[in-house]
Structures are given as C-alpha cells and as structure tokens.
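Add 640 to a position in the sequence shown, counting from 1, and you land on the number used in the numbering used here.
Just so you know, even glycine gets a beta-carbon here, dropped at the ideal spot from N, CA and C.
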Amino acid sequence: MEIILAIITGVLYASGIYMILRRSMVKLILGIILLGNGVNLLIFLLGRITKGEPPIIDSAEKVLEGVYADPIPQALILTAIVISFGLQAFAIILVKRTYKVLKTDDLDQLNTTDEDS
C-alpha cells in the first residue's frame, strides 16, 4: 500500500511541477493545487500507515500500550489543507481579476503589458 501511495505522490509532484511551468495562470494554480496535494500525501506517508486504535489513555492506565495511530501527521495535514484552501481561493480571485482587467491569462503577455503602459 505504501508503494502505491509513494508512486501517487511522485505523480502528483511531477504533474504539479509540469503545470507550474506552463504559460497559463490557470495551469499555474492547478499546478500549485497538485503540488500541495502531493505534499499532504507525503506528510501522511512519513507518519507511517498503521492500523491501530486512537491514542487515548484510559483513566486506569498510566501509559499507552499496544499499537496506536500517530495523530501528529494527521493534524499537520489538516492544517496544511486549510492553509492551502485559503491560498487557492486567494489565487483564483487574483487570476479572475487579472483576466477581467487585461483580458489574458498568458504570463508572457502579462509581462509585456507593463512595458506598453
């Protein structure tokens, strides 16, 4: 299972970087989204996939015994999802506003519009 998830992480990284290197701003945002999902999956894999109980200690016990799931990677991924969601929403609004004003989303044409003004 971890091998398949590692391959999916690699595919997400590769496709994200490929999309970031394109000339369209929409493809740039899609690349950032794919790269963020690859990072989230990588953090999940670094926490190791274990089938265990939640890390809750009974009142009768003093320490955890047995196999339990590590909550730290899950908390980091949830935080990363929230931050990336806000970043994506902000970037989409910026691209929409740029397209509305300049009527293009091509990065090369956006660079030449500064010189014409």
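Bridge partners - SER664, DSSP secondary structure assignment: Taking the sequence shown and counting its residues from 1, one reaches residue 664 at position 24. DSSP output for SER664 lists ASP746 as bridge partner(s).
Simplified DSSP state of LEU705, which is helix, strand or coil: The residue you call residue 705 lines up with position 65 of the sequence shown. Correcting the residue type first, residue 705 is Glu in the shown sequence and not Leu. Coil.
At least three beta-carbon pairs within less than 8 Å, the stretch 680-694 to the stretch 737-751: no
Closest Cα partner of ILE712 within the set PRO694, LEU652, VAL741 and GLY671: Counting from one through the sequence shown, the residue named residue 712 turns up at place 72. Out of PRO694, LEU652, VAL741 and GLY671, PRO694 has the C-alpha closest to the C-alpha of ILE712.
MET761 and LEU742 closer than 8 Å at C-beta: Outside the shown range of the chain (641 to 757) lies residue 761, about which nothing can therefore be said.
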